[in-house]
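Colleague: Protein chains in written order, with our numbering: chain R, 1 to 412; chain D, 413 to 717. Yeah, the Cβ is synthetic: ideal placement off N, Cα and C, and Gly gets one too.
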């Protein structure tokens, strides 16, 4: 009896050892791309000489638990997903340095640890000032000129004066209400304009300053004026009352010329059968030109050195970034915006297409808002935006209250 | 071996009784008492709710609470909301109870109809009413040219508490009505008839006979509405999520954020578990004191037949 048991155990161990040599395992968290990735991995395995196995665990908390379980099982994954500094810090010791690998030359959105490239961007998401090209054409505004706040000021004024003629309710479709739960648009995404627009992707000077409770006076003043400008030309009712659907509906029905949202709204835009051309203009809040939209990867693939197949795992990622099949999978099958400049396939959806064009042109600014303390952007800054939107406070008070709130960050 | 006894003695019976109690007592201890005590301990630390690291900081959290505009505003708003809500729910429930125990036609239909809103969950109800307040009522207001109704009542800091009272009354009055109905039906018809023979009007009979005889129903109903209003969370979350923003002590605060939502947000949104626990302890003490006072006042008014 005992002998048989030992035999079986030995066999199992031998088998798993063989399979460990032959397989690489990816543990990932995007349920919506699971089928596409499985299919791509199966195709890839045919030519690669080793098998790529995909394990998908959905949802953020489920994923983190599943990932811990995979590590605890002793059969560590070769590739897994991190969603930011928290995940990186946790697995730092196992994560391979991919500096100089082939794929790194095609992207600016890799996860960096100092100068070390460690994370392969799964996709990118982006936002800017989406515009309805038909309306801008009718008003004689060239969106390419919207690269500084003076151009915006002039464009807003012109559109506002032509509201009736163009059939507009307001110039911008913007939301800031707490009750409809839209403070992430203001307190996180809009605030990030202050944090990164005009800066190099690796430049964290402004966010570092904010985390110390301080602001760059001139830059912050310009930012607050930009917020006030957007609010001034938005529908006041929409600002405090509008939901995500209402905000989109106003833009999709041609009732506004601009729309303050990201390319994650694309499925909804497709569902509404919107047929006018649209794209992103920069959130240019300075008097100097800043020609770029805000693009970042929400998650990254990292390679586990400990699992022993780092080479194959990196090959897999290189192929994803540098083969037709990889591009086809990312854009057409998984409907993502690849973070790579060498991808020539165009996404079918309008905002994603615009994000990809800006990204390919290398004109992007990063996202730093997730470094803010928990709840700070949505819960502490959001309400201040809402008061400016409702007219409860004026622009100078807004600026002062924002500064006061930021000053409390070191004590949080 | 001793012969098996057919009847157990006093001691054995005690043990048996105790054993039957164990599952309930254990569950109560594990899910109520132990977390409660641990919660009090956490309120003296700086725990963030996630990391294992925590230091005992003494009364620092309690001191921070009383200088925090957000909490003070939530406290005052909760008191205000409770005051209006207790009155509104009980007046509405009592009037509905009178209606459905009278001889009015279709009273069984009313009885069911008034109770139905109570069957809808708070989150669903909050979302439905949010739609009513933000889309339907303003449309009605604009069509009729009523200025006060043409803007959403839940995005105005001055009207938002009233809007929450309306929603909660709509939901909860039917439930309290049932308590009043049961109580009214327990009162002998002879007393009411005797009074009416003596020439007492309907409202005299209600105020002088019905209400004093129903005092125990008022005790329980007021207790339920009082604690329910104080602990209001689900409708608050789904209807307004604490918004809109208003100024209080020179700081931006959430105009309709009640205590429970404020505590939840402190603990989970801002990851300040210890501070949230300290607020919860204060909340518990206040709620116990207020309900004890209410019950003892009401009890003294009850009469025995």
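Can you confirm whether residue 406 of chain R, when its beta carbon is compared against all beta carbons of chain D, has any partner nearer than 9 Å?
Modeller: no
Colleague: If I measure Cβ to Cβ from residue 187 of chain R and keep anything under 7 Å in the same chain, skipping five residues before and after, which residues do I get?
Modeller: 377, 378, 381, 382, 385
Colleague: Tell me whether residue 287 of chain R is buried or exposed, calling it buried when 16 or more other Cβ atoms sit within 10 Å of its Cβ.
Modeller: exposed
Colleague: Can you tell which of R:294, R:297, R:314 has its C-alpha closest to the C-alpha of residue 303 of chain R?
Modeller: R:314
Colleague: Write down every uninterrupted run of the alpha helix (DSSP H) in the stretch 87-138 of chain R whose length is 4 residues or greater and which is fully enclosed by it, in chain order.
Modeller: Considered as a whole, the stretch 87-138 of chain R harbours 133-138 as its complete alpha helix (DSSP H) runs of no fewer than 4 residues, in chain order.
Colleague: Identify the residues that DSSP records as bridge partners of residue 262 of chain R: which are they?
Modeller: R:127
Colleague: Excluding the five sequence neighbours on either side, which residues of its own chain have a C-beta within less than 8 Å of the C-beta of residue 267 of chain R, listed in chain order?
Modeller: 349
Colleague: Using beta carbons (cut-off 9 Å, strictly below), is residue 401 of chain R in contact with chain D?
Modeller: yes
Colleague: Excluding the 5 residues flanking residue 710 of chain D on each side, which residues of the same chain have their C-beta closer than 8 Å to its C-beta?
Modeller: 627, 630, 631, 634, 635
Colleague: Cutting at 7 Å between CB atoms, please list the residues of its own chain near residue 707 of chain D, excluding the five before and the five after it.
Modeller: 631, 635
Colleague: For residue 557 of chain D, count neighbouring Cβ atoms within 10 angstroms of its own Cβ and tell me buried if that reaches 16, exposed if not.
Modeller: exposed
Colleague: Go to residue 493 of chain D, then tell me how far its alpha helix (DSSP H) extends in each direction, as first and last residue.
Modeller: Note, residue 493 of chain D: alpha helix (DSSP H), 481-513.
Colleague: If I measure Cβ to Cβ from residue 646 of chain D and keep anything under 6 Å in the same chain, skipping five residues before and after, which residues do I get?
Modeller: Taken in chain order, the residues that qualify are 534, 535.
Colleague: Residues of the stretch 550-565 of chain D in Cβ contact with chain R at a cutoff of 9 Å, in chain order, please.
Modeller: Legend: CB atoms of the stretch 550-565 of chain D lying less than 9 Å from CB atoms of chain R belong to residues 550, 563, 564.
Colleague: Evaluate contact between the stretch 305-319 of chain R and the stretch 155-172 of chain R, counting only Cβ atoms and requiring at least three cross-stretch pairs below 8 Å.
Modeller: no
Colleague: Leaving out five residues before and five after residue 658 of chain D in sequence, what residues of the same chain have Cβ atoms less than 7 Å from its Cβ?
Modeller: 569, 665, 667
Colleague: Checking the sheet assignment: what are the DSSP bridge partners for residue 28 of chain R?
Modeller: R:56
Colleague: Applying a beta-carbon distance threshold of less than 7 Å, which residues of chain D neighbour residue 240 of chain R?
Modeller: In chain order, 567, 656 make up the part of chain D whose C-beta sits under 7 Å from the C-beta of residue 240 of chain R.
Colleague: Tell me the DSSP secondary structure of residue 21 of chain R in three-state form.
Modeller: Interpretation of residue 21 of chain R is limited by its pLDDT of 47, a score under 50 that renders its predicted location unreliable; the figure taken from the coordinates is listed afterwards. The three-state secondary structure of residue 21 of chain R, taken from DSSP, is helix.
Colleague: Using C-beta distances below 8 Å, list every residue in its chain close to residue 77 of chain R, excluding the 5 sequence neighbours before and after it, in chain order.
Modeller: 25, 26, 27, 55, 67, 70, 71, 304, 307
Colleague: Considering only residues of the stretch 152-210 of chain R, which uninterrupted alpha helix (DSSP H) runs meet the minimum length of 4 residues and lie entirely inside it, listed in chain order?
Modeller: As far as the stretch 152-210 of chain R is concerned, its whole alpha helix (DSSP H) runs of at least 4 residues are 163-166, 191-196.
Colleague: Shortest alpha-carbon distance to residue 324 of chain R belongs to which of R:312, R:38, R:338?
Modeller: R:338
Colleague: Taking Cβ positions, are residue 33 of chain R and residue 403 of chain R nearer each other than 9 Å?
Modeller: no
Colleague: Could you say which of R:240, R:262, R:261 lies nearest to residue 724 of chain D if we only look at CA atoms?
Modeller: With chain D covering 413 to 717 only, the question about residue 724 of chain D has no answer from this structure.
Colleague: In the DSSP assignment, what are the bridge partners of residue 82 of chain R?
Modeller: R:300
Colleague: How about residue 316 of chain R and residue 79 of chain R: are their beta carbons less than 9 Å apart?
Modeller: Taking 9 Å as the Cβ cut-off, residue 316 of chain R and residue 79 of chain R qualify as a contacting pair.
Colleague: At the 9 Å Cβ level, is residue 681 of chain D part of the contact set with chain C, yes or no?
Modeller: No chain C appears in the structure shown, which is made up of the protein chains R and D.
Colleague: Between the C-alpha atoms of residue 119 of chain R and residue 107 of chain R, what's the straight-line distance to the nearest angstrom?
Modeller: 11 Å
Colleague: So residue 301 of chain R packs on residue 173 of chain R, CB below 8 Å; how close in whole Å?
Modeller: About 35 Å separates the two Cβ atoms, so there is no contact after all.
Colleague: Looking at the C-beta of residue 178 of chain R, does it have a partner C-beta in chain D at a distance below 9 Å?
Modeller: yes
Colleague: Which residues bound the beta strand (DSSP E) around residue 664 of chain D?
Modeller: 663-666
Colleague: Are the stretch 243-259 of chain R and the stretch 120-131 of chain R touching by the rule of at least three beta carbon pairs closer than 8 Å?
Modeller: Here the stretch 243-259 of chain R makes contact with the stretch 120-131 of chain R; the two share three or more CB pairs at distances below 8 Å.
Colleague: Between residue 652 of chain D and chain R, is any beta-carbon pair separated by less than 9 Å?
Modeller: yes
Colleague: Grab the span of the beta strand (DSSP E) containing residue 280 of chain R for me, first residue to last.
Modeller: For residue 280 of chain R, the enclosing beta strand (DSSP E) begins and ends at 278-281.
Colleague: Interface residues of chain D around residue 374 of chain R at Cβ under 8 Å?
Modeller: 681, 682, 683
Colleague: Report the option in D:498, D:439, D:484 whose CA atom is closest to the CA atom of residue 703 of chain D.
Modeller: D:498
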